[in-house]
Structures are given as C-alpha cells and as structure tokens.
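Q: Have a look at this one before I ask anything.
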Amino acid sequence: MNRFPRRLAPRTLRGRLSLVALTTAALLMTVLTVVFNTVMDRHLQHQADDELRNRAAAVATTIDTSGPKVRVLETVNDSLLDANVWIYAGTRLLEKPPSTTDDSPLARAAGRLAAQGKPVCTTVHAENPPLVRMCSRPVSGRRSTATVVTAVDLAPYRNSADTLLLGSLILDAVMLACTYVLTRLAVGRALRPVRTMTDQATQWSAVGSDQRFGAEEHPAELARLGTSLDSLLDRIRTVLRHERQLTGELSHELRTPLTRIIIELDWWRARPRSAAETRATHEVIAEAAQSMRTICDTLLNDARENAQNTTTAVGATVLAPVLRRLAENLGAREQVKTAVDAPDPGLEAGVAPALLERIVSPLLANAVRHARTTVTVTARRRPGGVRIAVTDDGSGVPEAFRDNLFQPGRRADPGDGHDGAGLGLPLARRLARAVGGEVSHDPGHTPGARFLVDLPAG
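Residues in the sequence shown are numbered consecutively from 6, following our numbering.
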C-alpha cells in the first residue's frame, strides 16, 4: 500500500522540492480562493439588500399613513416602483406585482415578512426566477402603519459570483504552473553548486588529491557541506595513503625472500644436482616461502589492527637466536661479516618472533648494504625493556638527510645502485611503536651509523 505513493514521488531532490512548493502553493491558493469567493458572495448579497432597501424607501414616499387608513399615492413612475413590490396595511395586502398570484411562493414569502412588522431580508427559492432576494420595510404614521416588501432576482449577482469563481480558479491554475516552473528553475540554480561540489569530490577522491573546498566564500549550508566533504576526502586520502604504504611495505619485505628463491632456482638449474643438493634447495625455497607468508600475515594483521584502533598482539621472544639467524642470512648474502653480541642468552623482548624480525630486518639489511666490512648487532637489558643496537662501519647517514630518515619513500642517495624503496626504516619504526617501542638513529655515533631498537621486556 505504501509503495505506490513512493513510486509516484520524484526521484530527484529538485523534483521533490518543486512538488513540496507546488503542494504548499495549492493549499494556500485554495484557502485564499474560498475566502475570496465567500467575501464576494457576502458583498454581492449586501449590494442586493441595499438595492432592495433603496427601492423600499422610494416606494415608502408614495404611501400616506397620516389618516386612519393607509393610502397609496399615484406617481409619474408608478409602474417602475410597483415592479416586484408588495404593500401591506398590517397584514392586509394593498398592492402586489401584476405578474404574481396570491398563492405564489413569492406572495406567501412577502406575507410572512410583512407579518413580522420589522425590517427583515430573506432569500426565497421560487420557480421563475429560481432565486429571489426579498426585504421588508415598515412605514409608520400617526394613525396607521404599512409595510413595503421588495424583491430582486439574484441571477445577475449569481452570474457575477460564478464568473469570479471561474476567474479565480483559472488564475490559481496559472499561478500554480508558474510556481512549479519557477521553483524548478530556482531549485536547479540553487543546487548547481552542490552538483559541482559532488563532481569535484568524486574526482578528488579517486586520486587522493590535496585540493579541498574550504568554508570561505560559500553560503552557510554549502560551507557545512564543504567541511563535511573535506573531512571525508581527508579520510579517503588517509585510506589511500595507508593502502599505498601497505603495498609498498609488502613489496619491500617480500623482495628479500623472493630473491632467495630466485637465486636458489637459478643455482639449481645451472647444472645437474645431486639428490642432497636438490633437497637443500627445496628446504631454502620452503623456508623463504614460509618467511613470505609470515611477512604477509604480520603486515596485514598490523594494518587490520591499526584500522580498528587496537593494539598489536604482544608475546615473548628470546632475542639471541632470532638475531643470529637474521645476521647469518643477510651477512652471507652480502659477503659482509656480521657479529651478534648478546651476552644474556635468556634475554626476551615482549613482542612476537615474526614482529621482531620485521622490526630488525630493515635495520640489519640497511646496515649490511652500506657497511664496508662489518655489521654488529648487540642486545642489552635496559630499565623497563631491552635495547637492540645495529651498527655498521659504512659512511653513515648524511647530516642533511637525518630529518627525512624515517619518511616513507625517502632515500639519501637514490642513485647509489641499490634497489631500496625507502620504506624499511619507516616500517620498522611504525611496527615498534605499535607495541610501545621505538626505533631511532644515534647521531653521535661515528664512524658509520647506529640504529637503536627499544622494545618492552618479555
């Protein structure tokens, strides 16, 4: 039952506002039309009553009530005055219109008015004419009293009222049509900035643009809309940035195990291998594939937890075995000597093993890449947590680049021949901060570079 009116409702806001304006105007014009025609009916009736009273007053001048009997005097325009006029002496009829009979509806109505003995007006429904207005006027003398009753045909007045009603209805129809057209034009013009802002927001959101609407030089309603759209665009831009960041981080982290797989396959296909060498290659590939799976799970879980504003799940990891495994893998690949100094074999960090690898791996990879001969990894206990230091004997971080060291996509020397994307250090810091830790650069260490990883204790 409720679906039918909804189907008839306009689909656009412009159409709905125009329909609301049209409905409101129709209700208002209906009320005004009823009031106007009611007032005009009363006005026309008063005009008819005034005409009847004037005729009665004119006829009263021809009636002599000074004697004991009422006498009707003859005048020059007697035929005009006698038209539709009844004269009574008390209740006795003295004169009546020539065209009426004593038992006609008008004669009976005139007798009733004369019997009341006071000025009275009434509307009588007759046959011809169908509607007549009648008024009585007493004429008092010193010794006798008479009553004059006059009548008038209301057809001309009704025709005038009908003409006014038809004219007002035609005017209402024209006004409603003009109201609808003008409202559609006005609403369309008023909504044009909204349509423009919608198109711009769609374009800007698709590319994560920095352009914004602002609240200046806009009406209050559009300013509020612009503010809301700006907030929405900011959130969309943040989502797109996080998406690009996650894609870049996945590519950056997956590059190392994928390179190991490619190298092992190239080495295995270079010449025939024994069964033992084939098993060793399979083990390396399986380990790299498992590492890729762990990397994906770790980064995706971290992204999901950040989107839900939750804290990254923590655990407990013994540092020495993880650090030695990472150092051996990277050092052997880059032909750089790596040393792990962890005097406390039971020292634990309060993070999961996979997350610890994702935090330390970018620092160790950068150190091996830029070191001349040696990379040193140390692990020490500190108040409230543990500290891991990754030190290399390379050229160090340029002083001009230190402020941009942890900015995503920034590299000190893009033309140094390495394929880094500038995402490792920002990823390490973000993951460390997610568990209440920190990754920082020690600017006072020379020569080379040293990065510090502070994590909660396990």
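A virtual CB, placed ideally from N, CA and C, is assigned to each residue, including glycine.
Let's test the definition: count the other Cβ atoms within 10 Å of the Cβ of phenylalanine 218 and tell me whether it reaches 16, buried, or not, exposed.
A: Buried, by the Cβ-count rule.
Q: Would you call the region 156-166 and the region 33-52 in contact, with 3 or more CB pairs under 8 angstroms?
A: Yes, the region 156-166 touches the region 33-52.
Q: What residue range is occupied by the uninterrupted alpha helix (DSSP H) comprising valine 40?
A: Unbroken alpha helix (DSSP H) run through valine 40: 18-65.
Q: Sorted by chain position, which residues of the same chain lie with C-beta nearer than 7 angstroms to alanine 206's C-beta, five sequence neighbours on each side aside?
A: If we look at alanine 206 and ignore the five residues flanking it on each side, its Cβ neighbours are Leu234 and Leu238.
Q: Report back the beta-carbon spacing between alanine 394 and threonine 378 to the nearest angstrom; my notes put them in contact at under 8 angstroms.
A: Actually they do not touch by this definition, with Cβ atoms about 18 angstroms apart.
Q: Tell me which same chain residues have a C-beta within less than 7 angstroms of the C-beta of aspartate 398, skipping the five on either side of it?
A: Excluding positions up to five away in sequence, the list reads Ala376, Arg377, Thr378, Thr379, Pro452 and Gly453.
Q: By DSSP, does threonine 264 sit in helix, in strand, or in coil?
A: Helix, per DSSP.
Q: Use the C-beta contact count for valine 186: other C-beta atoms within 10 angstroms, 16 or more gives buried, fewer gives exposed.
A: Under this definition valine 186 is an exposed residue.
Q: Helix, strand or coil, according to DSSP, for histidine 450 in the structure here?
A: The answer is coil: DSSP assigns histidine 450 none of H, G, I, E or B.
Q: Please classify lysine 74 as buried or exposed, where buried requires at least 16 neighbouring CB atoms within 10 angstroms.
A: By the neighbour-count rule (16 or more Cβ atoms within 10 Å), lysine 74 is not buried but exposed.
Q: What is the rounded straight-line gap between the Cα of valine 199 and the Cα of alanine 30?
A: Going by the C-alpha atoms only, they are around 26 angstroms apart.
Q: Taking only runs of the beta strand (DSSP E) that begin and end inside the region 340-402, which ones reach a length of at least 3 residues, in chain order?
A: Those beta strand (DSSP E) runs which fall completely within the region 340-402 and span 3+ residues are 342-346, 379-387 and 390-397.
Q: Per DSSP, which one or two residues make a beta bridge with arginine 76?
A: Answer is Asp69.
Q: Would you mind sorting threonine 381 into buried or exposed? The rule is 16 or more other CB atoms within 10 Å of its CB.
A: By the neighbour-count rule (16 or more Cβ atoms within 10 Å), threonine 381 is buried.
Q: Three or more C-beta pairs closer than 8 angstroms, one from the region 98-108 and one from the region 126-143: is that the case here?
A: No, the region 98-108 is not in contact with the region 126-143.
Q: Any idea which residues DSSP pairs glutamate 100 with across the strands?
A: According to DSSP, glutamate 100 bridges with Ile92.
Q: Can you list, in chain order, the residues of its chain with a C-beta nearer than 6 angstroms to that of alanine 357? Leave out the 5 residues immediately preceding and following it.
A: Only Gly320 meet the Cβ criterion.
Q: Taking DSSP's pairing of strands, which residues face serine 445 in a bridge?
A: Answer is Leu457, bridged to serine 445.
Q: Run through DSSP, which three-state label would arginine 330 get?
A: Reduced to three states, the DSSP call for arginine 330 is helix.
Q: Kindly indicate which residue of Gly172, Ala115 and Asp158 has the alpha-carbon position closest to the one of alanine 53.
A: Checking every option, the nearest Cα to that of alanine 53 belongs to Asp158.
Q: Could you tell me which residues DSSP pairs with alanine 462 in its beta bridges?
A: Alanine 462 is bridged to Ala354.
Q: Which residue or residues does DSSP assign as beta-bridge partners of valine 129?
A: Bridge partners of valine 129: Val137.
Q: Can you check DSSP and say which residues form a bridge with aspartate 158?
A: BP columns for aspartate 158 point to Val137.
Q: In the DSSP output, what is serine 145 paired with across the bridge?
A: DSSP output for serine 145 lists Thr150 as bridge partner(s).
Q: Rounded to the nearest angstrom, how far is the Cβ of alanine 156 from that of arginine 138, given a contact under 8 angstroms?
A: Confirmed, about 7 angstroms.
Q: Can we say the region 345-364 touches the region 321-333, given the rule of at least three CB pairs closer than 8 angstroms?
A: Segments in contact, yes.
Q: Using the Cα positions of glycine 422 and glutamine 216, report the straight-line distance between them to the nearest angstrom.
A: Residue placement at glycine 422 cannot be trusted, given a pLDDT of 47 that sits under 50; what the coordinates show is reported in the next sentence. If I take the Cα positions, the gap works out to 36 angstroms.
Q: Considering only C-alpha positions, which residue in the set Ala462, Gly441, Gly72 and Leu27 is nearest to glutamate 188?
A: It is threonine, not glutamate, that sits at residue 188 in the sequence shown. Nearest C-alpha to threonine 188: Leu27.
Q: Judging by CA-CA distance, which residue of Asp349, Pro413 and Arg148 is the nearest neighbour of proline 367?
A: Among Asp349, Pro413 and Arg148, the Cα nearest to that of proline 367 belongs to Pro413.
Q: Distance check for threonine 35 and alanine 182, CA to CA, integer angstroms please.
A: Between alanine 182 and threonine 35, the C-alpha separation is close to 14 angstroms.
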